[in-house]
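Visitor: Using the numbering used here, read the sequence shown as starting at 721 and increasing by one per residue.
Could you have a look at this structure, given as structure tokens, before my questions?
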Amino acid sequence: MMKGYKMTILGEVKKILDKTLKAFSFKKEFVSPTYEYKRAEILRYAKEHDLKVFIETGTYKGETPAMLMNDFDELYTIELSEELYKMATERFARTKIKTHHGDSTKVLPEIIINIDKPILFWLDGHYSNAPFCAKGTLETPIIEELLTIFNAKDFPHVILIDDARCFGTEKDYPSIKELKKFICSHRPKADIAVYEDIIRIKL
721 MMKGYKMTIL
731 GEVKKILDKT
741 LKAFSFKKEF
751 VSPTYEYKRA
761 EILRYAKEHD
771 LKVFIETGTY
781 KGETPAMLMN
791 DFDELYTIEL
801 SEELYKMATE
811 RFARTKIKTH
821 HGDSTKVLPE
831 IIINIDKPIL
841 FWLDGHYSNA
851 PFCAKGTLET
861 PIIEELLTIF
871 NAKDFPHVIL
881 IDDARCFGTE
891 KDYPSIKELK
901 KFICSHRPKA
911 DIAVYEDIIR
921 IKL
């Protein structure tokens, strides 16, 4: 009896170690695309789908909306950290970029409800250990953010999720398989692709 129990425990430990080593190996070899590449991809999708509204979760230093300012009619960015929000608000005070402070799962619905057109979403509102960053209840609110979008008015939005490498390897991140299943349960016809560290969803 004890022998069988020990074998079961050893088997479970091996599974955990294999998963950890696999994740570590992936991160060690993976080189994330540059910020310039990612912003160029945002712009490419916006032009391809004629999207004039940009919503970002995770402002950080505000470099993304700053670069895209002249390519969208409306830009909204949400930041949980009070310090980073204040810096962004000062930076964009005389621009069309609207900064919002708070939890994206609460702020995002308030923004979306007033928009009657397709939106390009850049979801990057996860926790990181960079200076001034704040942490919410979860490491990433991605499921709640997506649910907010799915429960809003039905438009052919484009959703781009940054840091695809974290899915299935970091705390609170679903695996890519789990994420796809969740998306398809709400939008069965969604076009989903994952490459170059970005999850790309066309509704």
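Glycine included, C-beta positions come from ideal geometry on N, C-alpha and C.
Beta-carbon separation of Val878 and Tyr765 under 8 Å?
Guide: Closer than 8 Å, so yes.
Visitor: Distance check for Ile921 and Pro894, CA to CA, integer angstroms please.
Guide: If I take the Cα positions, the gap works out to 16 Å.
Visitor: Using DSSP with H/G/I as helix, E/B as strand and the rest coil, what is His821?
Guide: It is a strand residue.
Visitor: Using a Cβ-Cβ cut-off of 7 Å (strictly less than) and excluding sequence neighbours within five positions of His821, which residues of its own chain qualify?
Guide: These residues qualify, in order along the chain: Glu799, Glu802 and Tyr805.
Visitor: Give me the Cβ distance between Asp793 and Leu763, rounded to the nearest whole Å; I'm assuming they're in contact under 8 Å.
Guide: Not confirmed; about 14 Å, so no contact.
Visitor: Comparing alpha-carbon positions, which option in Tyr796, Asp874 and Ala884 lies nearest Thr777?
Guide: Ranking Tyr796, Asp874 and Ala884 by Cα distance to Thr777 puts Tyr796 first.
Visitor: Can you tell me which of Ala813, Ser752 and Glu864 puts its alpha carbon nearest to the alpha carbon of Leu843?
Guide: The shortest C-alpha separation from Leu843 is found at Glu864.
Visitor: Quick one: Cα of Leu951 to Cα of Cys904, how far?
Guide: No answer is possible for residue 951: the residues shown for the chain start at 721 and end at 923.
Visitor: Hey, how far is the Cα of Lys767 from the Cα of Pro785?
Guide: Straight-line Cα distance between these residues: approximately 16 Å.
Visitor: What residue range is occupied by the uninterrupted alpha helix (DSSP H) comprising Thr868?
Guide: Looking at the DSSP string, the run of the alpha helix (DSSP H) that includes Thr868 is Ile862 to Asn871.
Visitor: Check whether the Cβ atoms of Ile918 and Ala884 lie closer than 8 Å to each other.
Guide: Their beta carbons are under 8 Å apart, which means Ile918 touches Ala884 by this criterion.
Visitor: Just mark Val751 as buried or exposed, buried being the case when its beta carbon has 16 or more other beta carbons within 10 Å.
Guide: Exposed: under 16 other Cβ atoms inside 10 Å.
Visitor: Below 7 Å CB to CB, which residues in the same chain sit around Thr815 once its five sequence neighbours on both sides are set aside?
Guide: Here the set comprises Met789.
Visitor: Take Val733 and list the residues in its own chain whose beta-carbon comes closer than 6 Å to its own, dropping the five residues that flank it on each side.
Guide: In this prediction, Val733 has a pLDDT of 45, which is less than 50 and means its spatial position is unreliable; what the coordinates show is noted afterwards. For Val733, where only same-chain residues beyond five positions count, there are no Cβ hits under 6 Å.
Visitor: Taking the alpha-carbon positions, what's the Phe774 to Ile862 distance?
Guide: So the alpha carbons of these two residues sit roughly 17 Å apart.
Visitor: Where does Asp843 fall in DSSP's three states?
Guide: It is worth fixing the name first, because residue 843 is Leu in this sequence and not Asp. In this structure, Leu843 counts as strand in the three-state DSSP scheme.
Visitor: Use the C-beta contact count for Ala808: other C-beta atoms within 10 angstroms, 16 or more gives buried, fewer gives exposed.
Guide: Ala808 should be labelled buried.
Visitor: Strictly by DSSP, which residues pair up with Ile831?
Guide: Answer is none; Ile831 lacks a bridge partner.
Visitor: By the DSSP assignment, the beta strand (DSSP E) with Tyr796 in it spans what residues?
Guide: Residues Glu794 to Glu799.
Visitor: Taking Cβ to Cβ, would you say Leu771 is nearer than 8 Å to Ile881?
Guide: Result no, Cβ atoms of Leu771 and Ile881 do not sit closer than 8 Å.
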